[in-house]
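See structure below.
There are 2 protein chains.
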Amino acid sequence: MKTGSDSDVDVSCASWRLGVEAHNLINWQTVPLKCQEYIASYLLDGQYRSDSKTVCREAYFYAKKLNLTNRDIFIFDVDETLLSNLPYFANHGFGVEPHNKTAFSKWVASGEAFALPETLKLYNKILSLGIKVVFLSERRLDQKDVLVKNLKDAGYPTWEKLIVRDPASFGGDDTFEYKSAERVKLVGSGYRIIGNIGDQWSDIVGRYKGFRTFKLPNPLYYS
Amino acid sequence: MKTGSDSDVDVSCASWRLGVEAHNLINWQTVPLKCQEYIASYLLDGQYRSDSKTVCREAYFYAKKLNLTNRDIFIFDVDETLLSNLPYFANHGFGVEPHNKTAFSKWVASGEAFALPETLKLYNKILSLGIKVVFLSERRLDQKDVLVKNLKDAGYPTWEKLIVRDPASFGGDDTFEYKSAERVKLVGSGYRIIGNIGDQWSDIVGRYKGFRTFKLPNPLYYS
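Those sequence lines, one after another, are chains A and B.
Under my numbering, the first residue of the first sequence carries the number 1, and numbering increases by one thereafter.
Under my numbering, the first residue of the second sequence carries the number 224, and numbering increases by one thereafter.
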C-alpha cells in the first residue's frame, strides 16, 4: 500500500514521463531525483516493455500494409532502440546522475548491451516483409567494431547499412543535424525511407524523417 | 486490490494511452472497449489533471523567458484545451462509443462546457506576460455565438481573435489543413506565433505551427 505522499510522487512522475514522451519537456539534463524509484519500477516491472510492444506492433501493422519497392528502407536507431543500456543506467542512478561520458564509453566498449525484445521482434518482422533495414547510430567510428559484434551477439545478424558518426566528416555534436544529414544522403542514393523508429524525438523529426515515424519510450536521457 | 487480470488491462491500456500521446497510434476511431474503465479513472482520479499541469507549466516557463514583441501570439485550441466536454463523454462511454455528431452538436449548443483548470491558469499567465491569445477552434460559424458565451462563462473574458470554421470559405473536413491555413493567414497579417497548445497532434503540426508547441492529453478521440 502506498502512502498518500508516495502516490503523489507517482502521479507527478508519471506526468513528467508523459511530458517527455509527448515532446513537451525538452532539453532536460537528468531525471528528477524524486522520480528515481518510479522510473526504475517503470523500466523493470513491465510497463516499459508493454509500451515498447504497442509501438513496435503499430510499426509492423503499418509496414505490412505497404506496397513495397526494392529501394524501401526502415531506419532503426541503435541505443535504447535496438540495444538496451539498462545495465549501465541501473548502476548509475536510473538517469538521475548527470551523464558521465567516460563511464558510458567504457560500458559501450564492453559490447554487452542486450537487444530490446520488442524491437528485436519488429526487426525480424520487417526483414520477413522483405524491407531493408538501416541502423542509424550515435556511436562513433572508433566504436564501430565493438558495435558490430554487439549487434550480432544480441540477435541482429544482418543489415543494409550501419551508419556511425565519423567525427572527421561531421564535427557537430547535434543529433538532429547529424541524423537529418545522413537521411538526406540515404535518399540521395536512391533509398525511400518508409519507416523510422527511435527513442529520441531527434531521431524522428527533420528532413526525410520517414513516411511514418515511431517513438519508443525513453525516460533515462534526452539527446 | 486489483486482480492479476485487471492489472494486465491497466498496463496495456496505459500503453495504448501513451501510444496516442506520443503520436504512435493515429487515425483511431474509438477507445478500446477493455480500456473504458481505465480511461474513466485516468480522467477523473487526478492523473489527467496532473498531466495537463505539467504541460501548462512548461508552456508558461517557456513563454516567460522570451523577448517579446507586440505582434506575438499564443494559439489555444478550444475543445479539450480551453474547454472540457467531459460531461458529454462521461454520458457517452468515455470514448468507446463511435462519435455521434448529432448528439455532440446538441451538447455544444447547450454552452455548458467548463474550463480546463490548468489551461485557464496558463491563459491568465500568458495574458499577464502581455502576450496576445488567439483561439483556433474546430467549432463552426453557426456555433460561434454559443461559443463566445461559453468561453466568457468559463472564465475566458478576452482574446485577440476567435477563429471558427466557416464552411463557406473552407469546405474541407481536415483539421490539419484547416488549422495550417488559418495559421498562414495569421502570419500573413503580421502575427508571430510564439506558442501553440492543443490536445490533438493536428493542432500543433504543419505550416507555421509555432516556435514551440504543447500537446495536452486527450485519450477520448482522435481528429
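By construction, the Cβ of each residue, glycine as well, lies at the ideal position given by its N, Cα and C atoms.
Bear in mind that the values here come from a model prediction, so they are computed numbers and not experimental data.
Nearest to residue i by CA position, among the options, is which residue?
| i | options | result |
| --- | --- | --- |
| B/LEU345 | B/ILE298, B/ASP231, B/SER425 | B/ILE298 |
| B/ASN250 | B/GLY413, B/LYS408, B/THR398 | B/THR398 |
| B/ALA377 | B/ALA338, B/GLU383, B/ALA332 | B/ALA338 |
| B/THR277 | A/ALA113, A/ILE193, A/GLY19 | A/GLY19 |
| B/SER328 | B/GLN366, B/HIS315, B/LEU305 | B/GLN366 |
| B/ALA336 | B/LYS402, B/ALA313, B/HIS322 | B/ALA313 |
| B/LYS432 | B/ILE296, B/LEU267, B/LEU306 | B/ILE296 |
| B/THR342 | B/ALA326, B/LEU374, B/LEU291 | B/LEU374 |
| B/HIS315 | B/CYS279, B/ALA326, B/LEU409 | B/ALA326 |
Against chain B, does residue i count as a neighbour if the rule is that its beta carbon must be under 8 Å from one of theirs?
| i | result |
| --- | --- |
| A/SER15 | yes |
| A/TYR221 | no |
| A/GLU138 | no |
| A/GLN47 | yes |
| A/ALA22 | yes |
| A/ASP51 | yes |
| A/LYS125 | no |
| A/GLU58 | yes |
Answer with yes or no whether the minimum CB distance from residue i to chain A is below 8 Å.
| i | result |
| --- | --- |
| B/GLY242 | yes |
| B/THR277 | yes |
| B/VAL234 | yes |
| B/LYS438 | yes |
| B/GLU341 | no |
| B/LEU248 | yes |
| B/GLU260 | no |
Do you know how far the Cα of residue j is from the Cα of residue i?
| i | j | result |
| --- | --- | --- |
| B/LYS257 | B/VAL232 | 7 Å |
| A/LEU224 | B/ASN247 | Chain A is shown only over 1 to 223; residue 224 of chain A falls outside these bounds and no answer can be derived. |
| A/ILE80 | A/PRO87 | Residue 80 of chain A is actually Glu in this sequence, not Ile. Taking the straight line from one Cα to the other gives about 12 Å. |
| B/ILE420 | A/PRO157 | 44 Å |
| B/VAL369 | A/ARG71 | 53 Å |
| A/LYS132 | A/TYR60 | 14 Å |
| A/GLU97 | A/ASP173 | 21 Å |
| B/TRP382 | B/LEU350 | 9 Å |
| A/ASP199 | A/ASP77 | 8 Å |
| B/PHE317 | B/PHE358 | 25 Å |
| B/ALA404 | A/ASN124 | 41 Å |
| B/ASN323 | B/ALA332 | 14 Å |
| B/VAL254 | A/VAL31 | 31 Å |
| A/SER188 | A/ASP45 | In the sequence under discussion, the amino acid at residue 188 of chain A is Gly, which differs from the Ser named in the question. Each residue's Cα considered, the two are about 43 Å apart. |
| A/GLY206 | A/ARG183 | 9 Å |
| B/ASP274 | A/LYS185 | 39 Å |
| A/ILE193 | A/LEU162 | 15 Å |
| B/SER392 | B/GLY418 | 26 Å |
| B/LYS402 | A/GLY111 | 48 Å |
| B/GLY263 | A/LEU68 | Looking at the sequence itself, residue 263 of chain B is Ala, so the reference to Gly does not match. Cα to Cα, B/ALA263 sits roughly 40 Å from A/LEU68. |
| A/CYS56 | A/LEU66 | 16 Å |
| B/ILE427 | A/TRP107 | 39 Å |
| B/GLU244 | A/VAL148 | 34 Å |
Leaving out five residues on either side along the sequence, give the residues of the same chain with a beta carbon under 6 Å from the beta carbon of residue i.
| i | result |
| --- | --- |
| B/TYR285 | ARG435 |
| B/TRP424 | HIS246 |
| A/ARG17 | PRO219 |
Report all residues from its chain with a CB closer than 8 Å to the CB of residue i; omit the five preceding and five following residues, and keep chain order.
| i | result |
| --- | --- |
| A/GLU58 | PHE214 |
| B/SER446 | GLU361, THR398, GLN423, SER425 |
| A/ALA14 | TYR38 |
| B/GLY413 | ARG294 |
| B/GLU306 | A small correction: the amino acid at residue 306 of chain B is Leu; Glu does not occupy that position in the sequence shown. Excluding residues within five positions, the ones whose Cβ falls inside 8 Å are ALA336, PHE337, ALA338, LEU339, ASN373, LEU374, ALA377. |
Short of 7 Å in beta carbon distance, which residues of its chain neighbour residue i, apart from the five on each side in sequence? Order them along the chain.
| i | result |
| --- | --- |
| A/TYR48 | TYR42, PRO217 |
| A/ARG140 | VAL164, ARG165, PRO167 |
| B/LYS287 | LEU352 |
| B/GLN252 | PRO321 |
Using beta carbons (cut-off 8 Å, strictly below), is residue i in contact with chain C?
| i | result |
| --- | --- |
| A/GLU97 | This model lacks chain C altogether, as its protein chains are A and B. |
Touching by the beta-carbon criterion (3+ pairs, under 8 Å), the stretch 232-245 of chain B and the stretch 257-268 of chain B: yes
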